[in-house]
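A.B. asks:
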Amino acid sequence: MTAFDDEEPARAPWLVTLADLSLLLVGFFVFLQASQVDPMKLAAGIRSGFGASESAAAPAPMPVDIATATGFVPGSAVPVVTASALEWARGAARDPRTRLRITGEVDGSAADVDPATGSGPILAADRARAVAALLIHQHAIDPSRIVISTGRGQRRAVLTLGFEGGRQ
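Per UniProt numbering, the sequence shown starts with residue 1, numbered consecutively.
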């Protein structure tokens, strides 16, 4: 017989089992709580983790139809909108969920710039605004449903029809 056989254990055997069961119960509640994710808090955490701002811009409506206003003279923003483009815009405006994105474009040549500033993007914006003003003046679409943007391509204004979700 050894000297260790006579000593009582330092802990009661049931105490180890109780500690194991308690830790399993705590772990279960941690997993249960972690499975209840608030999607808004998760999105905010991901945005802040990547350094994005809280007020992220809404995505552009998905384009479903397109029309063009062509025939711009180089360096000019005077619109040449045909009757078919006006009727197309009127037809698009019948659905209250639609948004009309008007993208003014320049061809990138040295002659196709704004005469006052020498800037192509300013001329592209002027072309988009001129087409938007014509559509509004002809009562083809409500001004609150028009979005103006600029681009590079040809001497034209592109009218893109898109649907904005959630509106009836």
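Where is the CB? At the ideal position from N, CA and C, for every residue including glycine.
1. Any idea what DSSP makes of Gly151, helix, strand or coil?
2. Quick one: is Ala140 buried, meaning 16 or more other Cβ sit within 10 Å of its Cβ, or exposed?
3. With DSSP as the reference, identify every bridge partner of Ile146, one or two as the case may be.
4. Looking only at its chain, what residues have a beta carbon closer than 8 Å to the beta carbon of Ala128, apart from the 5 residues adjacent to it on each side?
5. Would you mind sorting Pro39 into buried or exposed? The rule is 16 or more other CB atoms within 10 Å of its CB.
6. What residue does the alpha helix (DSSP H) around Thr17 start on, and which one ends it?
7. If you follow the alpha helix (DSSP H) that Arg129 is part of, which residue opens it and which one closes it?
8. Does the Cβ-Cβ distance between Leu159 and Ala44 come in under 8 Å?
9. Among Thr17, Ala124, Leu32 and Phe31, which one has its Cα closest to the Cα of Ser109?
10. Could you work out which residue in Phe31, Ala52 and Ala133 is closest to Val78 when comparing CA atoms only?
11. Quick check: Gly162 and Arg99, are their CB atoms within less than 8 Å of each other?
12. By Cβ distance below 6 Å, which residues in the same chain neighbour residue 207 in space, the five residues on each side in sequence not counted?
C.D. replies: Considering the structure as presented:
1. If DSSP states are grouped into helix, strand and coil, Gly151 belongs with the strands.
2. Classification of Ala140: buried, given that the 10 Å Cβ count is 16 or more.
3. Paired residues: Leu100.
4. So the list reads Ile102, Thr103, Gly104, Ile148, Ser149, Thr150 and Ala157, once near-sequence residues are dropped.
5. Per the 10 Å Cβ criterion, exposed.
6. Segment Pro13 to Ala34, the alpha helix (DSSP H) holding Thr17.
7. Counting along the chain, the alpha helix (DSSP H) containing Arg129 begins and ends at Gly120 to His137.
8. No. Outside cutoff.
9. Of the candidates Thr17, Ala124, Leu32 and Phe31, the one whose C-alpha sits nearest the C-alpha of Ser109 is Ala124.
10. Minimum Cα distance to Val78 is reached at Ala133.
11. A contact, by the Cβ cut-off of 8 Å.
12. Because the chain here runs from 1 to 168, residue 207 falls outside it and cannot be looked at.
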